[in-house]
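Engineer: Using the UniProt record's numbering, you'd call the opening residue of the sequence shown number 1 and step up by one each time.
Can you keep this structure in mind? I'll have questions shortly.
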Amino acid sequence: MRYELFQAARDSGAAFLQLHLPCSPQLALARNATRSGLSAVPREAILRMAQALEPPQRERFAWEACTLTVQASTIRGRELGSDGKGIDGVEDDGHGCAPDRSTTTELLQERDAAPRTGAEAEKGAVAKAESKAEERPSPDAVATICRELWRLWGPAPPPPPSEEELEAQRAAGRAANAASLLHGLDLRTRKALAEAVARAGAATRSERARALNERRRALLQAAREALAEAAKVQGRPRGGSGSSGGDGGGEGLEGVVEWLAAQEAAFMLAVQEEE
C-alpha cells in the first residue's frame with residue numbers, strides 16, 4: 001500500500017514523505033486491553049497485522065528514503081530518529097530528506113498530570129483517563145512532529161525511466177556482459193596457448209604456436225559475432241522475428257554462453273592433443 005501511495009505521488013508530481021511509528025505487539029495488546037466494547041480490537045487481528053506490517057527499509061528501497069521514524073518502544077516514547085535506530089534528528093541520505101542536525105528534538109513528552117479534586121479521586125474514572133492521556137503526545141510534541149515533517153518535505157520523486165532509457169540501460173548491460181565473456185575467453189585461451197607452446201620442443205614450437213593462435217583468433221571472432229547477434233535478439237520486442245545467427249546455438253545470450261563453453265572446451269582439447 002505504501003508503494004502505491006508513492007507511485008501516486010510520483011505520477012502526480014507531489015512530494016512523498018512517510019511517518020513511521022513503530023509499536024510492538026506487546027504494547028499494542030496492552031493498550032487494547034484498556035479498551036472495551038466495540039472500541040476493542042480482537043487479539044488475533046492485532047497479532048496478524050503485526051506479522052503482516054513491514055517497517056520501512058531505507059537501505060533496500062530507495063523510494064522509502066524519505067522516512068521519519070518516531071520511536072514508540074515505550075508507552076511514553078521520547079526520541080525522534082531515523083531508520084528506527086533511536087538517534088536524534090534524521091540522517092542525511094542525499095534524497096532531499098536532510099534536516100539540520102544541530103538541534104536535539106524530544107517528542108512525545110510526558111505531560112504533567114492534571115490536579116484532581118476529591119470527588120474525581122473518589123470516582124477513579126479521571127485517574128484512568130489521565131493515565132491514558134499520559135500515553136499520548138502533548139500538543140507541543142505534535143506541533144514539533146509537524147515541524148519536522150515540514151522540514152523534511154522535499155521535491156517530488158523523479159519520474160520512472162522511459163522505455164527508451166530502460167532499453168539503453170539494458171543495452172549497456174548486454175554490452176558489458178559480452179565484453180566480460182570475451183575478456184574471460186581471451187585470457188583463458190591465451191594462457192592455454194602459452195603453456196602449450198612452452199612445453200613444445202624447439203623444433204615444433206613456432207609451427208605449433210602459429211596453428212593454435214590461428215584457431216584461437218577464429219574462436220574469438222566467432223564469439224564476437226555470436227554475442228553481437230544475441231544482443232540484437234535480446235533487444236528486439238517480444239514476439240519479434242529472428243533468432244541468434246551463426247553457430248551461436250540457441251536464441252539469446254544463454255544459448256551463446258553454452259555454445260562458447262563447448263567451443264572453448266574443444267579448443268582446450270585440441271591444445272592437449274597436439275602435445
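Think of the CB as a built atom: it goes at the ideal place given N, C-alpha and C, for glycine as much as any other residue.
Would you be able to state if there are at least three C-beta pairs under 8 Å between the segment 184-194 and the segment 252-269?
Structural biologist: As far as the Cβ criterion goes, the segment 252-269 touches the segment 184-194, which means the pair count is three or higher.
Engineer: Report yes if the C-beta of R48 is less than 7 Å from at least one heavy atom of the ligand NAP; otherwise report no.
Structural biologist: The model on display carries no ligand, and the ligand NAP is accordingly not part of it.
Engineer: Apart from the five residues on each side of it in sequence, which residues of its chain come closer than 8 Å, Cβ to Cβ, to R208?
Structural biologist: So the qualifying residues of the chain are A196, V197, A200 and E274.
Engineer: Is D112 helix, strand or coil by DSSP?
Structural biologist: For D112, the predicted model reports a pLDDT of 40, less than 50, meaning its position is unreliable; a value from the coordinates is still stated below. Note: D112 maps to coil in three-state DSSP.
Engineer: How should A178 be labelled, buried or exposed, when 16 other C-beta atoms within 10 angstroms of its C-beta is the threshold for buried?
Structural biologist: Its Cβ being crowded by 16 or more others within 10 Å, A178 is buried.
Engineer: Output needed for Q18: all residues of its chain with C-beta closer than 6 Å, excluding positions within five of it in sequence on either side, in chain order.
Structural biologist: The answer, listed in chain order, is T67.
Engineer: Below 8 Å CB to CB, which residues in the same chain sit around Q234 once its five sequence neighbours on both sides are set aside?
Structural biologist: Excluding residues within five positions, the ones whose Cβ falls inside 8 Å are R170, R174, G252 and L253.
Engineer: Would you call L166 buried or exposed, if buried means 16 or more other Cβ atoms sit within 10 Å of its Cβ?
Structural biologist: Exposed is the call here.
Engineer: In this structure, what does DSSP give as the bridge partners for Q18?
Structural biologist: Beta-bridge pairing links Q18 to T67.
Engineer: Could you work out which residue in L152, W63, N32 and E214 is closest to V271 when comparing CA atoms only?
Structural biologist: Nearest of L152, W63, N32 and E214 to V271, Cα basis: E214.
Engineer: For the alpha helix (DSSP H) containing S12, name the first residue and the last one.
Structural biologist: Looking at the DSSP string, the run of the alpha helix (DSSP H) that includes S12 is R2 to S12.
Engineer: Does DSSP put E167 in a helix, a strand or coil?
Structural biologist: Three-state result, E167: helix.
Engineer: Looking at the structure shown, is F267 part of a helix, part of a strand, or coil, going by DSSP?
Structural biologist: Three-state DSSP puts F267 in a helix.
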